[in-house]
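All the letters of the sequence shown, read from the start, carry residue numbers 0 to 294 under numbering that gives the first Met the number 0.
Following: one structure in structure tokens, then a few remarks.
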Amino acid sequence: MVPPGGTPHIADRADPPDSRSMRVFRGPRRARERRTSGIPGAARTPVAARALLGALPGLAAVAALFLCANGVERAADEQTARAAPAAAADRYAAPRPDIVPRSVWLGDAARAQPAPRYDDKVVAVFVHHTDTPNGYDCADVPAILRGVYQGQTGARDWDDIGYNFVVDRCGTIYEGRAGGIDRPVTGAHTQGFNHRTTGIAALGTYTAGVPVPDALTDAIAAVTAWKLGESGADPRGRVALVSSNGLSRFAAGATATLPAVAGHDDGYATSCPGAALTARLGDIRDTAARLQGRA
């Protein structure tokens, strides 16, 4: 690595004193090749290592060469293991749906706030409802979202809207919390489980008996497939999440195994996202899995 404003370090090189008088007879080239060809991994041994081994006694050289070959193979295995999650993520990647940026609905109503926080990846989704009136005109959603934002940053004194995304009954997806649609932004939506998760809120109140529009559940599934696809997580599976505080359903530091697509009430004692929307979580999981190309 080259330090900022610095220059690359070039290692000093010098020939040994009177190098011409230090010639060592090593035998014919073909004989040397035959001696190493039967040792597993010898062909992959770095040149510098082979030069060092040439100066060792026979048995010690064989032992060292074996250890070196083992190290090469172990490094290759570790590299393959690291590549496996990336391969799974690539295999089940889903397209990013159309998302309305927060600048469109929030405009100059944004308050000063601290810098966003981030996790390393997203492995689960929590589904919510905003507990606001239904029957709204979808053209009025930006104004409704500003009201949700002002309520959470004003009366509740939060630093930003808690949800990462909000979906309306017409299936339009809105960016919620600041930090970047494509990044694993740490939200403020599920007490104890904001890390490595995305919060998606359905705009409205979806208690028992309330119709849940297919456009809404399809849009939630599209966001779910995309966000979980980036880490290779199966929307129909379960994931291990660590509770960050005891106000959740689990003690601080406890590992909870929860659905990869969970309702708010799976992690916190609440009626959110409402009985009607909870009943549709299975459909959301299945649709998201199909969008990821899973059988």
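Where a beta carbon is used, it is the ideal one built from N, C-alpha and C, also for glycine.
> Should Leu202 and Val165 be called a contact, given that it needs their Cβ atoms to be closer than 7 Å?
Replying inline: One-based indexing of the sequence shown puts residue 202 at position 203. One-based indexing of the sequence shown puts residue 165 at position 166. Yes; because the gap between Cβ atoms is below 7 Å, this pair is in contact.
>> Can you give me the C-alpha to C-alpha distance between Ala114 and Ala274, rounded to a whole angstrom?
In response: The residue you call residue 114 lines up with position 115 of the sequence shown. The residue you call residue 274 lines up with position 275 of the sequence shown. Each residue's alpha carbon lies about 35 Å from the other.
>> Taking its Cβ as the centre, do 16 or more other Cβ atoms sit within 10 Å of Val121, making it buried, or is it exposed?
In response: Along the sequence shown, one-based indexing puts residue 121 at 122. Buried: at least 16 other Cβ atoms inside 10 Å.
>> Can you tell me whether Pro212 sits near the ligand FAD, meaning its C-beta is under 6 Å from at least one heavy atom of the ligand?
In response: No copy of the ligand FAD occurs in the structure displayed, which carries no ligand at all.
> Is His188 near Phe249, with beta carbons less than 7 Å apart?
Replying inline: The residue labelled residue 188 in the question sits at position 189 within the sequence shown. The residue labelled residue 249 in the question sits at position 250 within the sequence shown. No; because the gap between Cβ atoms is not below 7 Å, this pair is not in contact.
> Is the CB-CB distance between Ile199 and Arg176 below 7 Å?
Replying inline: In the sequence shown, residue 199 corresponds to position 200, counting from 1. In the sequence shown, residue 176 corresponds to position 177, counting from 1. No, these two residues do not count as a Cβ contact at 7 Å.
>> Restricting to runs no shorter than 3 residues, where is the beta strand (DSSP E) found entirely within the region 104–161?
In response: 123–128
>> Considering just the uninterrupted stretch of the beta strand (DSSP E) at Gly203, what are its terminal residues?
In response: Start at 1 with the first residue of the sequence shown, and residue 203 comes out as number 204. For Gly203, no beta strand (DSSP E) run applies, since DSSP gives it neither H nor E.
> By DSSP, does Leu290 sit in helix, in strand, or in coil?
Replying inline: The count along the sequence shown starts at 1 and reaches residue 290 at position 291. Correct three-state label for Leu290: helix.
> Count the other CB atoms within 10 Å of the CB of Ser242; is the residue buried (16 or more) or exposed (fewer)?
Replying inline: Here residue 242 is taken as the residue at index 243 of the sequence shown, counted from 1. It is buried - the Cβ of Ser242 has at least 16 other Cβ atoms within 10 Å.
>> Check whether the region 203–222 and the region 277–290 touch, using three or more Cβ-Cβ pairs below 8 Å as the test.
In response: Contact between the region 203–222 and the region 277–290 is present, because at least three Cβ pairs lie under 8 Å.
> Under a three-way DSSP split, which group does Arg237 fall into?
Replying inline: Residue numbering aside, residue 237 sits at position 238 when the sequence shown is read from its first letter. Strand, per DSSP.
> Which two residues bound the contiguous alpha helix (DSSP H) that contains Ile305?
Replying inline: Residue 305 is absent from the structure shown; the chain starts at 0 and stops at 294.
> Straight-line CA distance for His127 to Phe192?
Replying inline: Residue mapping note: residue 127 aligns to position 128 of the sequence shown, counting from 1. Residue mapping note: residue 192 aligns to position 193 of the sequence shown, counting from 1. Linking His127 to Phe192 through their CA atoms gives a straight-line distance of about 13 Å.
>> Within 8 Å, do at least three Cβ pairs link the region 255–269 to the region 129–140?
In response: no
> Taking DSSP as the reference, what is the three-state secondary structure of Gly273?
Replying inline: The sequence position of residue 273 within the sequence shown is 274, counting from 1. It is coil, neither helix nor strand.
>> If you follow the beta strand (DSSP E) that Gly262 is in, where does it begin and where does it stop?
In response: Numbered from its first residue, the sequence shown carries residue 262 at position 263. Run containing Gly262: 260–262, per the beta strand (DSSP E) assignment.
>> Taking its Cβ as the centre, do 16 or more other Cβ atoms sit within 10 Å of Val103, making it buried, or is it exposed?
In response: Start at 1 with the first residue of the sequence shown, and residue 103 comes out as number 104. Burial call: exposed.
> In terms of DSSP beta bridges, what is Leu280 paired with?
Replying inline: Here residue 280 refers to the residue found at position 281 of the sequence shown. Per DSSP, none; premise fails for Leu280.
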